[in-house]
Structure formats: C-alpha cells, structure tokens
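Asker:
In our numbering, the protein residues as written are 576 to 684.
1) Report the three-state DSSP secondary structure of residue 643 (helix, strand or coil).
2) Nearest by alpha-carbon distance to residue 658: which of 586, 578, 608 is it?
3) Since residue 608 sits in a beta bridge, which residues does DSSP pair it with?
4) What are the boundary residues of the beta strand (DSSP E) that includes residue 627?
5) Measuring alpha carbon to alpha carbon, tell me which residue in 645, 619, 604 is nearest residue 635.
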C-alpha cells in the first residue's frame with residue numbers, strides 16, 4: 576500500500592512509542608513521524624484513512640476495519656491530541672516492523 580499511497584501523494588503521519596527504534600527504516604516516503612510521550616504505549620497497530628479506522632491486534636491475531644464517519648472523526652481527534660504532545664522525528668519509512676506499536680493517519684494533500 577505504501578507505493579500506491581506515495582504515487583497518489585498521500586502523506587502519512589505516524590506516531591511511534593518511545594521504545595520504538597527506527598534502525599530498520601530507510602528512505603523518505605511522504606511520512607512524518609513523531610515519538611509519543613514515554614507514558615503512552617499502544618500494543619496494537621492502528622491506521623486511520625478517509626472514514627475508516629483499522630485496528631490490528633497482533634498478539635490476538637485479529638484485525639478489523641470500522642467504516643464510520645463519526646467514529647473516524649473521534650479517532651482522528653484522539654490522534655491529533657497525541658500528535659500535538661509528541662516529539663518530532665526525522666521523516667522515515669518502516670519497511671519491516673516487528674512490533675505493533677504505532678498509530679498512522681493518512682492525510683490527503
């Protein structure tokens with residue numbers, strides 16, 4: 576999906592946990608990354624785009640998509656609140672991620 580997202584010039588905003596290390600990340604692919612405060616940690620992967628909220632729970636081996644304007648707006652408000660209190664990081668791309676410890680929001684330019 577990253578190649579398609581980049582081709583469509585859709586920017587990705589990504590929040591990472593404080594314990595996340597970007598050593599496997601290389602290149603620039605329209606992604607701005609911020610590090611969440613140390614007291615915040617999400618053990619799941621979440622992605623927001625359009626009116627969809629994607630949640631993947633790796634430990635429980637389950638994932639789902641909620642398609643709802645109202646729910647997506649609530650999740651985007653939560654994302655933006657965390658974004659505003661997080662520390663800026665260099666633009667990165669995550670090609671192989673072991674841990675599900677981030678939040679992504681795809682913002683159409």
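From the three backbone atoms N, C-alpha and C, an ideal C-beta is built for every residue, glycine too.
Answerer: Put simply:
1) Residue 643 falls in the coil class under three-state DSSP.
2) With distances taken between CA atoms, residue 658 lies nearest to 608 out of 586, 578, 608.
3) DSSP lists 589, 664 as partners of residue 608.
4) 627 to 632 is the extent of the beta strand (DSSP E) around residue 627.
5) Nearest option by C-alpha distance: 619.
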